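Student:
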Amino acid sequence: MADHELRGERLRLRHVTEADLGALVAILQEPAVARWWGRYDADRARREMLEDPQVEAFVIELDGEVAGVLYVSEENEPDYRHAGLDISLATAHQGHGYGREALRVAIDHLVRERGHHRFTIDPAADNEVAIRSYAAVGFKPVGVLRRYERAPDGTWRDGLLMDLLADELP
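4 is the number of the first residue of the sequence shown in our numbering; add one for each residue after it.
(1) Going by DSSP in three states, Gly25 sits in which element: helix, strand or coil?
(2) If we count the other Cβ atoms within 10 Å of its Cβ and call it buried at 16 or more, is Tyr83 buried or exposed?
(3) Check whether the region 60 to 68 touches the region 29 to 36, taking contact to mean three or more Cβ pairs, one atom from each stretch, closer than 8 angstroms.
(4) Indicate whether Leu88 and Ala109 have their beta-carbon atoms separated by less than 8 angstroms.
(5) Measure from the alpha carbon of Thr94 to the alpha carbon of each residue in Arg115, Ala86, Val132, then state which is nearest.
(6) How about Val58 and Ser76: are their beta carbons less than 8 angstroms apart?
(7) Ignore the nearest five residues each way along the sequence and tell me which others in Ala169's own chain have a CB closer than 6 angstroms to its CB.
(8) Can you find the residues in the same chain that come closer than 7 angstroms, C-beta to C-beta, to Glu78, ignoring five residues on each side of it along the sequence?
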């Protein structure tokens, strides 16, 4: 996405900077977040949010406060074109609709400016709160990805692949 910021009614999305890493790592280390995202330190955050050329990482900002992170990855092969999304919010900001708003802002931009027509997201299959939130945005379950990701305790857990078509946006 362009270097400009994206704005919703209550939040803004902007690219992650080195100065944001401490706040983002603190969020990702909160027990309710780490349960789904695993172990994070500054090195992992830097690799994923600043150095990975396949991912654009955005700070979700509320009134100047770092409230979470949103990842966008794009498949630009013309026959398979789509964008993948992932999102995490600080525990204090969960349950207020900020995640849904951030996803809608990013999706709207990806439709208008990048020409995407399809979006995917893949929460843990037992993350009922995330699944309800994504369904409220318009994502639909596609199928279960068995033993998809390693949980923080080292066990494998299933993921739920969900997708959304631009013309299905509520």
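C-beta atoms are modelled at their ideal positions from N, C-alpha and C, and glycine is treated no differently. None of the values given here were measured: they were computed from a predicted structure.
Tutor: Per the coordinate set shown:
(1) Translated into positions along the sequence shown, residue 25 becomes position 22. Helix, per DSSP.
(2) As a position in the sequence shown, residue 83 is number 80, starting the count at 1. Exposed: under 16 other Cβ atoms inside 10 Å.
(3) no
(4) Residue mapping note: residue 88 aligns to position 85 of the sequence shown, counting from 1. Residue mapping note: residue 109 aligns to position 106 of the sequence shown, counting from 1. Cβ atoms of Leu88 and Ala109: closer than 8 angstroms.
(5) Taking the first residue of the sequence shown as position 1, residue 94 is located at position 91. The candidate whose alpha carbon is nearest that of Thr94 is Val132.
(6) Counting from one through the sequence shown, the residue named residue 58 turns up at place 55. Counting from one through the sequence shown, the residue named residue 76 turns up at place 73. In contact: Val58 and Ser76 (Cβ atoms closer than 8 angstroms).
(7) Numbered from its first residue, the sequence shown carries residue 169 at position 166. Answer for Ala169: Val114, His120, listed in chain order.
(8) Residue mapping note: residue 78 aligns to position 75 of the sequence shown, counting from 1. Result list for Glu78: Arg84, His85, in chain order.
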